[in-house]
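When we follow this note's numbering, the leftmost residue of the sequence shown carries the number 13, and every step to the right adds one. Even for Gly, the Cβ is constructed at its ideal location relative to N, Cα and C. Bear in mind that the values here come from a model prediction, so they are computed numbers and not experimental data. A short worksheet on the structure shown next.
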Amino acid sequence: MLPSISGPFDVLFIDALKTEYQRYLDLSLPLLRTGATVLVDNLLWDGRASGSQPDDGRPDTAAIREFNRRFLSDPRLLATIAPLGDGVGFAVKR
């Protein structure tokens, strides 16, 4: 569906299959205007996304850990993760 819609949009909210988070972000960013807000749910993943926790072997956990690393270092975004609920990523598109 994303390739068939046009922007620019002001807000993006991601809460879906954890293994698809990066794909959704990459497909959506070109549709966002500069200064748009990006919100991503479940980034603490019940504490399992922390590098201080042992790897539980779940694909979702590995995907969230990798997404968090990329989300926080993405030059297209000014991003942070807040410990609200199960973790919420907040970003502004540069």
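Pair within 7 Å by beta-carbon distance, residue i and residue j
i   : j   : result
F21 : L41 : no
L89 : A75 : no
D68 : R81 : no
T49 : V23 : yes
L56 : G99 : yes
T31 : P71 : yes
Burial state of residue i (16 or more Cβ within 10 Å)
i   : result
R77 : buried
F79 : buried
L96 : exposed
I26 : buried
G19 : exposed
Spatially closest choice to residue i from the options, by CA coordinates
i   : options            : result
L29 : N54, G69, R82      : N54
V52 : R106, P66, L84     : L84
I93 : T73, S62, R35, Y36 : S62
P86 : L37, S16, D58      : The displayed chain sequence assigns Asp, not Pro, to residue 86. Among L37, S16, D58, the Cα nearest to that of D86 belongs to L37.
Margin query: List, from N- to C-terminal side, the beta strand (DSSP E) runs of 3 residues or more that fit wholly inside the stretch 33 to 91.
Written below: 44 to 53
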